[in-house]
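So for the sequence shown, numbering that gives the first Met the number 0 puts the first residue at 0; every next one is plus one. From the three backbone atoms N, C-alpha and C, an ideal C-beta is built for every residue, glycine too. Right, one structure below, let's go through it.
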Amino acid sequence: MTFITSRCAVAAAVALCFAAAAQAQSNTVVVSGSRFASDPSLLPIGATTITAADIRRAGVSDVNQAIRKIGGVYGRQSLTGSPDFGLDLRGFGTNSDQNVVIVLDGVRLNENELSSATLSTIPIDMVERIDIMRGGASVLYGEGATGGVIQITTKRPQAGERSGNMFTELGQFDSGEVRASVAQGFDGFAFDASAGHQRSDNYRDNNEFKQSRLDGGVKFSTGVGSFSLRADIARQDQRFAGSLTEAQFNANPRQTLTPNDFGKLDSDRYTAAWEHMVGAFDLAAELSHRKKEAEATYFSPWGVSSSAYDTKQTQFSPRVRHLGQFDGMLNELVAGFDFGRWNRVTTASFSAADASQRSKAFYLRDEMKFSGPQQFRLAAGVRRELFDKDSIDPVPFTTATYSVKQANNAWEVQGSMLAAPGLTAWAKIGQSYRVANSDENGFTPQANKPLETQTSHDAEIGLGYAQGAAKLDARIFRHNLDNEIYYDPTAGMFGANTNLAPTQRKGFELDGSYRFAPEWQVQGHFQQVDAEFRSGPNAGRELALVPKNILTVRLAWLPSDGQSADIGVQRVGKQRYGSDFDNSCDARMPAYTVVDGRYARKFGQWELAVTALNMFDKEHFSQAFSCRAGIYPNSGRQLKVSARYDF
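Okay, structure coming up:
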């Protein structure tokens, strides 16, 4: 308590340092790139937004699927049968999840381990919008934001507003889902609740997945601000199909060589948030605690191997914002702290590690928007973050005993201007960073020696056009990385997590949408990326598991008679197999194209729909860890029917 109280006092002192006269503010509230609801004119530059209407029309069943199918973000097949695919912004391969920060209502969902954020536990019907901000963003969001940030905002019912729905779906592979949600707003008080259960045998043998969840929250206003309390509880049971060689995949992609492997994951998340305006200042804070218990059992010719992980994480993020007008210039100044405490205890034959991480950070960011026809915007920010990492593992021959302190800095400068009516030009430069997590530090080339911090010098220039029914954003980017943290199968005798020689990501992105008729709308995303070593023994060679080209296009039909249809196409280019560091493998992972579609019809408060995933039953894979082997097949064609009732 003394630790938190002293930091709160510092945050209050920072707020007083920026005192100024009260200012007029817009009544329109949107999510901005400053970790506050803000003026619409300060929206993040070049962000991709997925709305609740987009989610409903596409019929996606979870947040991860919405990000991939609507937002155009590349996803790699989960290794456990979970719908939580690994998400990859700007080509970070095996460790893509560790280079993207996921934020839910202001709270980071990333943890200090090699695992994907469990987005499938977020009630999809309660999501208001998803903002995808590509490129380095460590100033505001800390370590791991080199690829970008995905910010999820849930609905907040207003006074007198009530909504709810019930949903059920059945499909192939013995899949099914039921869920229900309700939200009610009163004067100064609101609540929401949601529950759901889903199951699927999935495409492959021994790949069954089950999940049950319960979510709920309340929000109330008092004389000292607005408070919200929230609980999200989920239980998962999984069976693990394992990997295949190329020959096994070609013979039967649905088979498994591990018919008995299984596991489970229990996750509890509790969050308290506070917002308050004092004169010219907005104050906010979130306090979040997560507990996760994971178990896995594997069978092999050498016997049975079991493991259990008990993980706890607490985060506290107080911050202050001043938004004011000065001689026609709109200025937004944000300062804040991020504190984190993470611990995991492992119980397994191969490890008994007790690992912990403590972090504390301070950040400061200022953005100015000048009056005048060019609407110049200029922003700059800095961040300082300190980490204490400790691990003790008494099991013989492990490499997971260490104690290390690391200090990291991030900075950014960006600007934009209205170059012509409807045409915005922008440029960004900065430095972002990532620290090795507990799993990575537990298996390194040198025993008990943690990895160095990964740093990236980021640059981007872009053009955005928005006029009438058309919107188009084009970006050229480059990330020069030093000490990139990656699993190198050629390191040591059996491979290890290591700091790579200098690497680079550079490429081009195009986002757009266009309503070319009252009933028709098209939207899409294209990414071309070159990922390679800048120097070292593999200089000029391509990095593994990075598709050179990815194209996602969706076409929506929206007549006014209650019908709707949505069809999506994603084309993924060839990529190097996961172990192909020296580009010596005589093959590449094949390119593939998948198509999904949905048709729905409303009858009063009811909506009936039919959905087809991988409509043309393309046999393909997005995850392969060695040359022509280590393959985790993606799902074949799946048909689903659903019914939804809104009230």
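query: Cβ pair ARG128, ALA182 closer than 8 Å; result: no
query: Burial state of ASP565 (16 or more Cβ within 10 Å); result: buried
query: Chain B contact for ILE460 (CB, 8 Å cutoff); result: Chain labels in this structure do not include chain B; a single protein chain is all it has.
query: Contact between the segment 100-108 and the segment 145-153 (3+ Cβ pairs under 8 Å); result: yes
query: Per DSSP, cross-strand counterpart(s) of ARG383; result: PHE361, ASN408
query: Straight-line Cα distance separating ASN436 from ALA543; result: 21 Å
query: ASP392 - DSSP class collapsed to helix/strand/coil; result: coil
query: For THR592, three-class secondary structure by DSSP; result: strand
query: 8 Å Cβ cutoff met for THR257 and ALA230; result: no
query: Straight-line gap, GLY146 to ALA354 (C-alpha atoms, nearest Å); result: 26 Å
query: Sequence-distant residues of the same chain with beta carbon closer than 6 Å to HIS288, five excluded per side; result: TYR269, THR313
query: Same chain, Cβ closer than 6 Å to ASN496, neighbours up to 5 away in sequence not counted; result: GLU439, PHE442, THR443, TYR486
query: Residue from ILE49, THR397, PHE166 with nearest C-alpha to GLN445; result: THR397
query: Beta-ladder partner(s) of ARG655, from DSSP; result: As shown, the chain starts at 0 and ends at 646. That puts residue 655 outside it, with no answer to give.
query: The alpha helix (DSSP H) enclosing GLN64, as first and last residue numbers; result: 62-68
query: ASN633 burial status per 10 Å Cβ neighbour count (16 or more: buried); result: buried
query: Entirely enclosed beta strand (DSSP E) segments - the segment 512-550, minimum 3 residues; result: 519-532
query: Opening and closing residue of the beta strand (DSSP E) in which ASN164 lies; result: 161-170
query: Reference GLY635, options GLN171, LEU557, THR120, closest by Cα; result: GLN171
query: Given VAL528 as reference, the closest of GLN562, ARG570, GLY535, PHE476 once Cα atoms are compared; result: PHE476
query: Given 8 Å, three or more beta-carbon pairs between the segment 201-209 and the segment 217-237; result: yes
query: Residue ranges of each beta strand (DSSP E) within the segment 106-135, 3 or longer; result: 126-133
query: Sufficient close CB pairs (3 or more, under 8 Å) joining the segment 238-252 to the segment 187-194; result: no
query: Through-space distance from ALA65 to ILE630, alpha-carbon basis; result: 25 Å
query: Three-state secondary structure (DSSP) of TYR576; result: coil
query: ASN496 - partner residues in DSSP beta bridges; result: TYR486
query: Top-ranked residue by Cα proximity to ASN582, from TYR598, ARG600, PRO536; result: PRO536
query: THR255 - DSSP class collapsed to helix/strand/coil; result: coil
query: Residue nearest to ASP579 in terms of C-alpha spacing, selected from PRO300, PRO488, VAL99, ASN249; result: PRO488
query: Distance CB(GLN562)-CB(ARG587) smaller than 8 Å; result: no
query: Runs of beta strand (DSSP E) lying entirely within the segment 595-644, each at least 3 residues, in chain order; result: 605-612, 620-625, 628-632
query: Contact belief for TYR576 with SER625 at Cβ below 8 Å, rounded distance in angstroms; result: 6 Å
query: For ALA136, the nearest candidate out of PHE493, LEU557, ARG433 (CA to CA); result: ARG433
query: Where PHE248 sits in the DSSP three-state scheme; result: helix
query: Identity of the residue in GLN373, LYS359, ILE44, ALA352 nearest GLY134 by Cα; result: ILE44
query: Residue range of the unbroken beta strand (DSSP E) whose run includes ALA52; result: It is not in any beta strand (DSSP E) - ALA52 instead sits in the alpha helix (DSSP H) that spans 51-57.
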